[in-house]
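Working notes, beginning with the structure itself.
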Amino acid sequence: MDIVIIGLPQSGKTTLFTALTLGKSDASGASGSPTEMHLGAVKVPDQRLDHLGVIYHPRKIVPAEVRYTDLPGPEGMARSQGISGRYRNALQSATAFVIVVRAFHSDAVPHPSGTVDPARDLEAMLGELSFADLEVLERASTRLAEQFNKTKPADRPAMARQKETVDKARAGLENGIPVRRQTFTDSERAILLNYQLLSDKNVIAVFNTDEGADDIRIADLDLDAELTAGVGEVSISARIEAELAMMDAEEADEFRADFGLGEPATSQVIRASYDTLGLVSFLTVGDDEVRAWSVPGGMPAVNAAGVIHTDFTRGFIRAEVIAYDDFHACGSMAQGRKEGLLRSEGKTYPVQDGDIINFLVNT
Ligand SMILES: Nc1nc2c(ncn2[C@@H]2O[C@H](COP(=O)(O)OP(=O)(O)OP(=O)(O)O)[C@@H](O)[C@H]2O)c(=O)[nH]1
Ligand SMILES: [Mg+2]
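In this note's numbering, the protein residues as written are -5 to 357.
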């Protein structure tokens, strides 16, 4: 999962990035430089893997991973600069966006708009995403219209469908509906995928609050329901979380307990991301590797197999599945089989969180 952190200038993006990635073994690039793009990866904590590790003694245990990207200052983004800049690729290839929304007060850090107003800023950022898509689709529509007459008659119907789809998405955006909330047929969706639209991606709002301040809830912000529908949310103080991320784990836990701070930012943001994207983890086990894979909940088994290896989709025969809790209760695959808990499932089986899956494939 690739999450790109965006937000108005000086909203706390780099501070949040530090809070999310620092102290994690494989974080990289959190140099604090304001002009560079920062990349960092965080392993998704999963106690089930630890337990499976004890049983299988694999050579390695591989948790699912969330990768974060922090874009430098203005690129990360404001309409004046547009988002057609250097970082467009990073934005387009994101699985989802975290939008950092400033809610902290500080005389030392002036807000670019003069006042602290989370509702206004969240709306502006969501608006940016739709606005960027409108620009892309307007250009696409013009281009398709120009090409139409130069196209062989046989290819015209396909091109006309393309233009219709583009114009439909445009009209939706003009009515204030992000692409992810618009209704399309599968073939329309396939056409739109080519444009890598930003408002098609899921969004998690991270409200960067003053220390000890109450959580902010989108529902309380009086924003357009269509614009914010399905947007995930987390309230944290990025600065304090960044400081805690730099301490060793024990010290940080003590500090959290003393000051009545909740769950660390990393786990809150990961959970909000899983919830917002509807992700689940399925598990694979063996002597070589015990591993978690994150996929959209309900993904057909044949597609989940393809996440492990593209060849597995073609060669899929069936999936042997046991729920982690069942496995945990009965203690072994052999026992699970005896008790009928280890099932044989076909291509369309919808994958559930915690499924331990052995794919039988023809390669
Ligand atoms: N008081 C307070 N200051 C904060 C908080 N989070 C960030 N800051 C400060 O706000 C300033 C900007 O924070 P950054 O994390 O650099 O913000 P940014 O969004 O990455 O900024 P640009 O990349 O320049 O757009 C820094 O001086 C931070 O120390 C917070 O929760 N409380
Ligand atoms: Mg920054």
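Where is the CB? At the ideal position from N, CA and C, for every residue including glycine.
beta-carbon residue i near ligand 1 non-hydrogen atom, thresh 7 Å
i, result
"F98", "yes"
"A232", "yes"
"K144", "no"
"S5", "yes"
"P104", "no"
"V92", "no"
"G256", "no"
"G108", "no"
"G1", "yes"
"N361", "Any answer about residue 361 is impossible in this case: the structure gives the chain only from -5 up to 357."
First and last residue of the uninterrupted beta strand (DSSP E) at residue i
i, result
"T203", "T203 -> no beta strand (DSSP E), and no H or E assigned at all."
"Y273", "Correcting the residue identity first, residue 273 is Leu in this sequence and not Tyr. Taken as a continuous stretch (DSSP letters only), the beta strand (DSSP E) holding L273 covers L273 to T278."
"V95", "A90 to R96"
DSSP bridge partner residues for residue i (one or two, in chain order)
i, result
"H45", "Per DSSP, none; premise fails for H45."
"H32", "D64"
"S193", "Per DSSP, none; premise fails for S193."
"R337", "V315"
"G226", "I198"
"E59", "K37"
"V355", "F310"
"V(-2)", "T63 and F91"
"I350", "L277 and I316"
"P106", "Answer is none; P106 lacks a bridge partner."
"P344", "P294"
Ligand 2 heavy atom lying under 7 Å from the CB of residue i
i, result
"P290", "no"
"Y8", "Here residue 8 is Thr; the residue named in the question, Tyr, does not match the sequence. Result yes, Cβ under 7 Å from ligand 2."
"D64", "yes"
Endpoints, the alpha helix (DSSP H) within which residue i is located
i, result
"L215", "Element bounds for L215: n/a, residue is neither H nor E."
"L255", "Note, L255: premise wrong, no alpha helix (DSSP H); not H, not E."
"I234", "A232 to M240"
"S288", "First-last for S288: E283 to P290, but that is the beta strand (DSSP E), not the alpha helix (DSSP H)."
"E54", "Going by the sequence as given, residue 54 is Lys instead of Glu. First-last for K54: K54 to V56, but that is the beta strand (DSSP E), not the alpha helix (DSSP H)."
"V160", "R150 to E168"
"G300", "A295 to I302"
"V130", "P112 to F142"
"L186", "D180 to L187"
"Q329", "M327 to K332"
"R82", "R82 to Q86"
"T12", "K7 to T15"
Below-8 Å beta-carbon distance, residue i vs any chain B residue
i, result
"L187", "In the displayed structure, chain B is absent; only one protein chain is listed."
Cβ-heavy atom distance, residue i to ligand 4, below 7 Å
i, result
"H303", "You won't find ligand 4 in this model; what it holds is ligand 1 and ligand 2."
Quick check: the region 249 to 262 against the region 315 to 325, are there 3 or more CB pairs under 8 Å? Because the criterion of three Cβ pairs below 8 Å is not met, the region 249 to 262 and the region 315 to 325 do not touch.
contact_flag[the region 273 to 284, the region 236 to 252] where n(CB pairs < 8 Å) is 3 or more: no
Specify whether the region 209 to 228 and the region 165 to 175 touch according to this definition: at least 3 beta carbon pairs, one from each stretch, less than 8 Å apart. By the Cβ test, the region 209 to 228 is in contact with the region 165 to 175, since at least three Cβ pairs between them sit closer than 8 Å.
contact_flag[the region 287 to 298, the region 258 to 275] where n(CB pairs < 8 Å) is 3 or more: Yes, since at least three Cβ pairs between the region 287 to 298 and the region 258 to 275 fall closer than 8 Å, the two stretches touch.
Is it a yes or a no for the region 142 to 161 touching the region 101 to 113, going by three-plus beta-carbon pairs under 8 Å? no
Is it the case that the region 41 to 49 contacts the region 3 to 17, given that we only count it when at least three CB pairs across the two stretches are under 8 Å? In this structure the region 3 to 17 does not touch the region 41 to 49; the number of beta carbon pairs closer than 8 Å is below three.
Is there contact between the region 182 to 189 and the region 221 to 238, where contact requires at least three CB pairs shorter than 8 Å? no
Do the region 198 to 206 and the region 83 to 97 make contact, defined as three or more Cβ pairs closer than 8 Å? yes
The region 223 to 235 contacting the region 156 to 170, beta-carbon criterion three pairs below 8 Å: no
With three or more C-beta pairs closer than 8 Å as the rule, is the region 116 to 127 touching the region 301 to 321? no
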